[in-house]
Every structure is written in C-alpha cells, then in structure tokens.
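**Student:**
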Amino acid sequence: MRPQSFRRVVVPRELRLAQRRVDLLVADLVQQHRLPILAAAQPGHQVVAALRHLRRDRAAAERTGGKGRIHVARMGGMAGKASMTEALVIGGGPAGLMAAEALAGAGRRVLLAEAKPSLARKLLMAGKSGLNLTKEDPDFLAAYGAAADWLAPILAAFGPAEVRAWAEGLGQPLFTGSTGRVFPEAMKASPLLRAWLRRLEGIETRTRWRWQGWDCEAALFDTPEGPQHVTTEVTVLALGGASWARLGSDGAWAPILAAEGVPLSPFRPANVGLSVDWSAHMTPHFGTPV
Numbered sequence: 084m085r086p087q088s089f090r091r092v093v094v095p096r097e098l099r100l101a102q103r104r105v106d107l108l109v110a111d112l113v114q115q116h117r118l119p120i121l122a123a124a125q126p127g128h129q130v131v132a133a134l135r136h137l138r139r140d141r142a143a144a145e146r147t148g149g150k151g152r153i154h155v156a157r158m159g160g161m162a163g164k165a166s167m168t169e170a171l172v173i174g175g176g177p178a179g180l181m182a183a184e185a186l187a188g189a190g191r192r193v194l195l196a197e198a199k200p201s202l203a204r205k206l207l208m209a210g211k212s213g214l215n216l217t218k219e220d221p222d223f224l225a226a227y228g229a230a231a232d233w234l235a236p237i238l239a240a241f242g243p244a245e246v247r248a249w250a251e252g253l254g255q256p257l258f259t260g261s262t263g264r265v266f267p268e269a270m271k272a273s274p275l276l277r278a279w280l281r282r283l284e285g286i287e288t289r290t291r292w293r294w295q296g297w298d299c300e301a302a303l304f305d306t307p308e309g310p311q312h313v314t315t316e317v318t319v320l321a322l323g324g325a326s327w328a329r330l331g332s333d334g335a336w337a338p339i340l341a342a343e344g345v346p347l348s349p350f351r352p353a354n355v356g357l358s359v360d361w362s363a364h365m366t367p368h369f370g371t372p373v
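When the letters of the sequence shown are read in order and numbered with this note's numbering, they come out as residues 84 to 373.
1) Go through its chain and collect everything with a Cβ distance to A341's Cβ below 7 Å, but skip five positions before and after it.
2) Exposed or buried, which one is T318 when buried takes at least 16 other CB atoms within 10 Å?
3) When the Cα of E245 is compared with those of E219, A225, S261 and E268, which residue comes out closest?
4) At a threshold of 7 Å, does L206 count as lining the ligand NAD (C-beta to nearest heavy atom)?
5) Counting Cβ pairs, one atom from each stretch, are 3 or more of them under 8 Å apart for the stretch 256 to 268 and the stretch 308 to 315?
6) When you compare only the Cα positions, how much space is there between V359 and M365?
7) What is the DSSP secondary structure of G324, reduced to helix, strand or coil?
8) Tell me V313's beta-bridge partners as DSSP assigns them.
9) Give the straight-line distance between the Cα atoms of A335 and L303, rounded to the nearest whole angstrom.
10) Can you tell me whether DSSP reads A203 as helix, strand or coil?
11) Ignoring anything shorter than 3 residues or poking outside the stretch 166 to 236, list the beta strand (DSSP E) runs there in chain order.
12) Would you list, in sequence order, the uninterrupted alpha helix (DSSP H) runs of no fewer than 4 residues that lie entirely inside the stretch 263 to 307?
13) Is it buried or exposed for A209, if we count other Cβ within 10 angstroms and need 16 for buried?
14) Taking the straight line between their C-alpha atoms, what separation do you get for T288 and R351?
15) Can you name, in chain order, every residue of its own chain whose Cβ lies under 8 Å from the Cβ of A165, other than the five neighbours on each side?
16) Count the other C-beta atoms from every protein chain shown that fall within 10 angstroms of the C-beta of P256, then say buried if there are 16 or more, exposed otherwise.
17) Residues in the same chain with beta-carbon distance under 7 Å from L283, minus the five sequence neighbours each way, listed in chain order, please.
18) Measure how close the beta-carbons of I286 and L171 come, nearest whole angstrom, since I'm counting them as under 8 Å.
19) Please confirm whether A278 and L206 have their CB atoms less than 8 Å apart.
20) What residue range is occupied by the uninterrupted beta strand (DSSP E) comprising L357?
21) Below 8 Å on the Cβ atoms is my guess for G174 versus A337; work out the distance and round it to an integer in Å.
22) Which value, in whole angstroms, describes the spacing of the CA atoms of Q115 and A353?
23) Tell me the DSSP bridge mates of L257?
24) Whole-angstrom Cβ separation of R291 and P200, contact assumed at under 8 Å?
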C-alpha cells in the first residue's frame with residue numbers, strides 16, 4: 084500500500100483494517116492559497132466503507148499476524164486503568180467528530196478522546212472569520228492539482244453538495260458569496276457546532292485525554308485520573324496538524340508515528356501572513372481603507 088501525503092497526514096490509497104493496529108488516518112484537508120476548502124469532515128465517509136470490510140480484513144490480519152499494518156509505540160508493561168470499546172477515535176476536531184458519527188451510524192460503540200478540555204476548538208476560532216465550509220466551483224477537483232486523482236473518489240462521495248446538505252441538516256442556512264465560497268448565514272461556527280454536538284450526545288466522549296502511543300495492545304492516554312488504556316477493534320487518528328498548539332494542533336503525535344517508520348510529510352504553512360515593505364506609491368495610503 085503506497086501512502087499519499089496531503090499536508091501533514093498520510094492518507095492511504097486503500098484503507099484496510101487490521102486487528103489491534105492503527106486502521107485509519109483521517110486528515111484535516113485544509114485550504115491552500117487559491118484552492119477551495121475541502122471540509123475537514125469529508126473523509127469521514129471512508130470510515131463506514133472500511134468498516135464493511137472489518138471482519139474480512141481481521142481474519143486476514145490473523146492469518147498474517149497483522150504484518151503490513153502500522154505498528155506504533157509498543158511501550159510494554161501495562162499499568163493504570165483499562166477499558167474496551169469497538170471503535171476509538173483520537174482527536175475531537177471536525178475530522179474526529181465526523182469519524183465518530185460515521186462509526187456510530189454504522190452501529191459501532193465509539194469512544195472519542197480529545198486532549199484539550201473541549202471539542203473542536205480550532206473550528207470555533209476559524210468560525211470567527213465566517214467559516215468557509217466549501218466552494219461551488221465546476222472545476223473544484225482540478226484545483227487540487229496532482230492530488231486530484233486520488234481525491235476524486237473521496238470528493239465524488241462527499242463533495243461540495245454533500246457538505247452543504249450536512250450543514251443544512253444541522254439546521255444551518257447557508258449562502259454563497261461572490262467568489263463561490265459557501266458560508267453559514269450566521270457567519271460563525273458556534274451555532275453549527277452546538278447543533279452537531281447535540282446530535283453526537285450518544286457517543287462516549289473523554290476530554291483532557293492525551294494520546295501517548297500504545298502500551299502492548301492498548302492505546303495509552305495521559306488523563307487527569309492517571310494513565311488510561313483502551314483496547315479497541317478499530318482506531319481512527321484525527322490528530323490535526325501543528326498550526327496552533329493552544330487550540331490542540333500541536334503536532335505532538337508526529338514523533339510517535341515517525342519512530343515506527345511511518346512516512347510523514349514535513350509540516351508546512353497553509354494560510355500565512357506575509358511581512359513586506361510598503362512601496363513609495365503605497366506609503367501615503369498607509370492606514371486608510373483599501
């Protein structure tokens with residue numbers, strides 16, 4: 084299986100599940116300069132598709148001893164509290180919330196673990212500037228350049244129209260701006276997030292649970308109650324990037340995966356501010372509306 088990197092998270096061409104290993108990586112696919120946004124929630128549909136093959140691939144994993152899957156941080160000597168669940172989602176941003184909802188909808192008992200005290204902090208911050216959810220563009224796929232080929236089936240299953248339907252299903256009316264970008268009429272994320280969390284109330288959620296890797300066959304978390312071990316059939320990593328540590332995107336997961344030989348693309352900025360000198364022509368206009 085040859086992985087394709089998009090921003091910071093490895094997204095496999097084919098999603099396969101193996102017993103007691105990392106099974107899926109759900110990425111936040113963020114906006115690049117002049118590119119339309121692929122909503123962070125969109126990869127969640129892959130979880131359902133992959134779960135359909137759970138039993139078949141688990142049997143294959145047992146025959147092969149789980150070889151060929153991602154092996155992460157075996158630290159040995161379990162200590163602390165232990166629990167079991169059918170599906171574990173690590174990361175409580177939009178990608179993690181969508182993955183948890185998709186897994187629960189497929190009939191799985193889900194545990195969602197988030198390192199910060201509350202969920203979707205970065206989504207709320209992004210929503211302060213209007214919350215651009217997607218873009219209406221007949222060439223939407225082409226804007227992704229070399230990544231268009233492997234993103235095509237993902238976007239075909241969950242593209243701009245599906246993003247709109249998802250947000251409207253949460254009771255959020257939308258509008259399309261002059262550039263084709265789609266926003267909630269509320270121009271902020273909080274109403275959408277509140278409605279989404281209400282819909283997810285049946286999913287078991289743990290905050291202030293920071294993922295530390297694996298201890299034997301269990302996922303290990305540092306929590307206010309001490310070390311916690313979770314044994315699960317399927318694990319989804321939805322860990323974000325490294326753009327804003329205060330909001331949870333601290334990249335602390337990267338060394339854990341890198342130590343096990345998982346190929347990772349270097350962190351790089353998406354939307355950035357630039358500092359340039361004012362030209363002689365523009366200097367007299369400094370501080371005035373443009």
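Every residue gets a Cβ at the ideal spot worked out from N, C-alpha and C, and that includes glycine.
**Tutor:** If we stick to the structure as given:
1) To locate residue 341, count along the sequence shown from 1; it is residue 258. The answer, listed in chain order, is L347.
2) Taking the first residue of the sequence shown as position 1, residue 318 is located at position 235. Buried, since its Cβ has 16 or more Cβ neighbours within 10 Å.
3) Residue 245 sits at position 162 when you count from the first residue of the sequence shown. The option with the nearest alpha carbon to E245 is E219.
4) In the structure on display, the ligand NAD does not appear, and there are no ligands present to speak of.
5) no
6) Mapped onto the sequence shown, residue 359 falls at position 276. Mapped onto the sequence shown, residue 365 falls at position 282. Their Cα atoms are separated by approximately 12 Å.
7) By 1-based counting over the sequence shown, the position of residue 324 is 241. Coil.
8) Counting from one through the sequence shown, the residue named residue 313 turns up at place 230. According to DSSP, V313 bridges with S166 and A302.
9) The residue labelled residue 335 in the question sits at position 252 within the sequence shown. The residue labelled residue 303 in the question sits at position 220 within the sequence shown. Spanning the two alpha carbons is a distance of roughly 14 Å.
10) The residue given as residue 203 occupies position 120 in the sequence shown. If DSSP states are grouped into helix, strand and coil, A203 belongs with coil.
11) 193 to 197
12) 273 to 282
13) Translated into the one-based positions of the sequence shown, residue 209 becomes position 126. It counts as buried.
14) Taking the sequence shown and counting its residues from 1, the one referred to as residue 288 is at position 205. Taking the sequence shown and counting its residues from 1, the one referred to as residue 351 is at position 268. Rounded to the nearest angstrom, the two C-alpha atoms are 30 Å apart.
15) As a first step, residue 165 is located in the sequence shown; it is residue number 82 there, counting from the start. Contacts found: A301, Q311, H312, V313 and T314.
16) For the purposes of this step, residue 256 is taken as residue 173 along the sequence shown, with counting starting at 1. The residue is exposed, with fewer than 16 neighbouring Cβ atoms inside 10 Å.
17) If you number the sequence shown from 1, residue 283 lands on position 200. Around L283: L180, A183 and E184.
18) As a working note, residue 286 is residue 203 in the sequence shown. As a working note, residue 171 is residue 88 in the sequence shown. With 8 Å as the limit, I286 and L171 do not qualify as a contact, their Cβ atoms being about 12 Å apart.
19) As a working mapping, residue 278 is identified with position 195 in the sequence shown. As a working mapping, residue 206 is identified with position 123 in the sequence shown. Not in contact: A278 and L206 (Cβ atoms no closer than 8 Å).
20) Here the question's residue 357 lines up with position 274 in the sequence shown. Per DSSP, L357 belongs to no beta strand (DSSP E) and is neither H nor E.
21) As a working note, residue 174 is residue 91 in the sequence shown. As a working note, residue 337 is residue 254 in the sequence shown. That belief does not hold up - the Cβ atoms of G174 and A337 are roughly 13 Å apart, past 8 Å.
22) Counted from its first residue, the sequence shown places residue 115 at position 32. Counted from its first residue, the sequence shown places residue 353 at position 270. Summary for Q115: the model assigns pLDDT 33, below 50, so the residue's position carries little reliability; its value from the coordinates is reported in the next sentence. Rounded to the nearest angstrom, the two C-alpha atoms are 5 Å apart.
23) Residue numbering aside, residue 257 sits at position 174 when the sequence shown is read from its first letter. Partner(s): P267.
24) Sequence index remark: in the sequence shown, residue 291 carries index 208 (1-based). Sequence index remark: in the sequence shown, residue 200 carries index 117 (1-based). Confirmed, about 6 Å.
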